[in-house]
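Undergrad:
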Amino acid sequence: MNRLSMAAIAVLCGAVSACLYLALLLSSPGAMILVYLTQLPLFVAGLWLGTGAAAVAGLSGAIVLFAASDALAAALFAALNAVPVLVLVRQALLARRNNDGTFTWYPPGRLTLWLTGLGVAGIGVGLLLLGGPEGLQAVLRDVIARALDRLSEGNLPDRDHVAATLASLIPGIAAASWMVMAVINGALAQGVLARFAVAWRPSPDLAQLALPRWLTAALGVAAAAILLGGTWRFLGINLIIALSVPFCLGGLAVLHAAARRLPHPGMALVAFYTVAGMFGWPLLAAAMLGVFEAWLGLRRRLAPQGVQIDG
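In the numbering used here, the protein residues as written are 1 to 311.
#1: For R261, which three-state DSSP category applies?
#2: Only counting the same chain, and skipping five residues up and downstream in sequence, which positions put a Cβ closer than 6 Å to that of G14?
#3: For the beta strand (DSSP E) that T104 lies in, which residues bound it at each end?
#4: Quick one: Cα of A75 to Cα of N99, how far?
#5: Which stretch, first to last residue, makes up the beta strand (DSSP E) that contains A95?
#6: Is R201 helix, strand or coil when you go by DSSP?
#7: To the nearest whole angstrom, what separates the beta carbons of A54 and A67, a pair I think is in contact under 8 Å?
#8: State buried or exposed for M179, treating a residue as buried only when at least 16 other CB atoms are found within 10 Å of its CB.
#9: Please confirm if the segment 216-233 is in contact with the segment 250-270, defined as three or more CB-CB distances below 8 Å between the two stretches.
#10: So, with DSSP's three-state summary, where would you put A210?
#11: Three or more C-beta pairs closer than 8 Å, one from the segment 174-188 and one from the segment 151-166: is that the case here?
#12: Measuring only the C-alpha atoms, how far is L148 from S177?
#13: Roughly how many angstroms separate the alpha carbons of G101 and W200, rounded to a whole number?
#14: Give every residue of the same chain whose Cβ lies closer than 7 Å to the Cβ of G50, excluding the five residues on either side of it in the sequence, and list them in chain order.
#15: According to DSSP, is F66 part of a helix, a strand, or is it coil?
#16: Give me the residue from G52, L262, I237, L37 with the minimum Cα distance to A225.
#17: Counting C-beta neighbours from all protein chains within 10 Å, is the total for I144 16 or more, i.e. buried, or is it exposed?
#18: As a quick exercise: from E293, L269, G172, pick the residue whose alpha carbon is nearest that of L315.
#19: Rounded to the nearest angstrom, how far is the Cβ of T112 from that of L211, given a contact under 8 Å?
#20: The alpha helix (DSSP H) with A92 in it runs from where to where?
#21: Look up F196 in the DSSP assignment and say whether it is helix, strand or coil.
#22: Can you tell which of C19, G52, L26 has its C-alpha closest to the C-alpha of Q39?
#23: Alpha carbon to alpha carbon, how far is A138 from A167?
#24: Within 10 angstroms of the Cβ of A287, are there 16 or more other Cβ atoms? Answer buried if so, exposed if not.
#25: Who are the Cβ neighbours of T116 in its own chain at under 6 Å, not counting the five residues just before and after it?
#26: Decide if F43 is buried, meaning its Cβ has at least 16 other Cβ atoms within 10 Å, or exposed.
#27: Would a C-beta distance cut-off of 9 Å place V291 and P282 closer than the cut-off?
#28: Just tell me which of G229, G124, V254, I33 has its CA closest to the CA of L209.
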C-alpha cells in the first residue's frame with residue numbers, strides 16, 4: 001500500500017470518528033452509543049497503518065469538527081480522543097528485535113499504566129482549568145442541580161445533597177468510563193484487524209498483563225487521603241475510582257490465566273463476561289482480585305503447568 005492510499009484511509013478514519021463524535025448533538029440515548037465508538041476509527045488507523053496514520057486521522061477529525069461545529073468541539077475531540085489514542089498507539093507499536101529475529105512487543109501491563117496515567121491526567125486537567133477541587137465541585141454541583149431540577153420538575157427534596165454527592169464522584173467516574181471505552185475501542189479495532197490479518201502487531205495476551213506493586217501503594221495512599229477529609233477526601237475517592245480500571249484488568253488477567261486449566265476456556269470466559277455484563281459485580285470482584293495479584297502472583301500460581309506467564 002502506497003503512502004497516498006494510507007493517508008486517504010487515515011483521513012477517512014478521522015472523518016468517520018468526527019461524525020461519530022457529532023452524535024452528541026442528537027441528544028438521544030441511542031446516539032451515545034455512537035459517541036462511545038468515537039475512538040474506534042482512530043485506533044483502526046493507528047493499529048493498521050502506524051502512529052503516523054493515527055496522527056493524520058486525529059488531525060483530520062479535528063478539522064472536520066472545526067468546520068462542522070466550532071473550535072471548542074475540535075479541541076475537546078483532540079483532548080479526549082485524538083491525542084490519547086495517538087499516545088496509546090505509539091506505545092502499543094513499540095517493539096524490540098530479539099537475536100533470533102522475533103520481536104518482543106510492548107507489554108499489556110505497561111499499556112495499562114499509560115492508559116491509567118491518561119485518565120488520572122484528565123482529572124488533573126479538570127482541576128487546573130476549574131480552579132482546584134473546590135472550583136470543580138462547585139461547577140459540577142451547579143450542572144447536576146439544574147439537571148435534577150429538569151428531571152424532577154423541582155420536586156426533589158434532597159436536591160442539594162444529591163448534587164453534592166454526585167459532584168464528589170463524577171471526576172473519577174468520568175475518568176474510569178473514558179478508560180473503559182478506550183480499552184473496548186482498542187480491543188475492537190485490534191480484533192477486527194487481526195481477523196483480517198492486517199494488524200501491525202500481534203494481539204496482546206490479557207493473561208500476560210502484570211501491574212507493578214507501586215500501583216497498589218498508590219491505592220493505599222488514596223485510601224489514606226480519604227481519612228483526612230476535605231479536599232484530600234475528594235482526591236482520594238476519585239483516584240480510587242480511576243484505579244479500579246487497571247486493577248479490574250489485572251483481575252481479568254488472573255481469570256484468563258486460570259481459565260487455561262479448563263477443558264473449554266473460551267466457554268468459561270464467555271459465561272463470565274455474560275454474567276459480568278448483566279450484573280456488574282463480577283467486575284468489582286475482578287478489581288479486588290487484581291489488587292491481590294500484584295503481591296501474590298496469582299497468574300503464575302493458577303496458570304497450567306508448562307504455560308509461561310510473564311508480564
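We put the CB at the ideal spot given by N, CA and C, even for glycine.
TA: On the basis of the supplied data:
#1: coil
#2: A57, S60, G61
#3: 103-105
#4: 44 Å
#5: 95-97 is the span of the beta strand (DSSP E), which, as asked, contains A95.
#6: Of the three classes helix, strand and coil, the one that applies to R201 here is coil, per DSSP.
#7: Between A67 and A54 the Cβ distance is about 21 Å, and since that is not below 8 Å, they are no contact.
#8: buried
#9: The answer is no - the segment 250-270 does not touch the segment 216-233, with fewer than three Cβ pairs under 8 Å.
#10: coil
#11: Segment contact: the segment 174-188 against the segment 151-166, fewer than three CB-CB distances shorter than 8 Å; contact not assigned.
#12: Between L148 and S177, the C-alpha separation is close to 21 Å.
#13: Between G101 and W200, the C-alpha separation is close to 17 Å.
#14: L93, W200
#15: helix
#16: I237
#17: buried
#18: The requested residue 315 does not occur in the structure, where the chain is confined to residues 1 to 311.
#19: With 8 Å as the limit, T112 and L211 qualify as a contact, their Cβ atoms being about 7 Å apart.
#20: Here the alpha helix (DSSP H) through A92 covers 83-92.
#21: coil
#22: C19
#23: For A138 and A167, the distance between alpha carbons rounds to 8 Å.
#24: buried
#25: P246
#26: It is buried - the Cβ of F43 has at least 16 other Cβ atoms within 10 Å.
#27: Remark: C-beta atoms of V291 and P282 do not approach each other more closely than 9 Å.
#28: When each option's Cα is compared against that of L209, the closest is V254.
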